[in-house]
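First up is the structure itself, then whatever we jot down about it.
Residue numbers (mature numbering (1 follows the signal peptide of the UniProt record, and there is no 0)): -17 to -1, 1 to 86.
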């Protein structure tokens, strides 16, 4: 039983750690890095293309991604588990700037 729980925990961690990187296919992206406390926020934009990808790496959690697909400054979708302190931004589809994610 103990080994089953350990195996399940390790499999879950491996699945979380293997989140696909949506920025891998970008061609010469412009990357802007900010810090919100201990969290690292990276904004990726591909020149000449609409939209942006924001990667947030919380200090004590796995990274996740937010997407603005149509350049309306609002979060359209996400990838990864969102820590509670960022969930309001998704629930209400607020502007990135209103939530302090970008300036």
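A virtual CB, placed ideally from N, CA and C, is assigned to each residue, including glycine. Because the structure is a prediction, the values reported are computed rather than measured.
Query - Sequence-distant residues of its chain with Cβ nearer than 8 Å to residue 42 (five each side left out) - result: 20, 21, 22
**Report entry** Integer-rounded CB distance, given that residue 64 should sit under 8 Å from residue 47
**Finding:** 6 Å
Report task. Starting from the Cα of residue 52, find the closest Cα among 17, 18, 26, 2 and give me that residue. Result -> 26
Query raised in the report: If you draw a straight line from the C-alpha of residue 18 to the C-alpha of residue 37, how long is it?
Result: 13 Å
Query raised in the report: Distance, Cα to Cα, residue 15 vs residue 28?
Result: 9 Å
Query raised in the report: Roughly how many angstroms lie between the CA atoms of residue 10 and residue 31, to the nearest whole one?
Result: 11 Å
Query raised in the report: Which stretch, first to last residue, makes up the beta strand (DSSP E) that contains residue 49?
Result: 47 to 51
Requested in this report: Would you kindly check if the distance between the Cβ of residue 62 and the Cβ of residue 5 is under 8 Å?
Outcome: yes
Query raised in the report: If you count every other CB in all the chains shown that lies within 10 Å of the CB of residue 60, and 16 or more means buried, which is it?
Result: exposed
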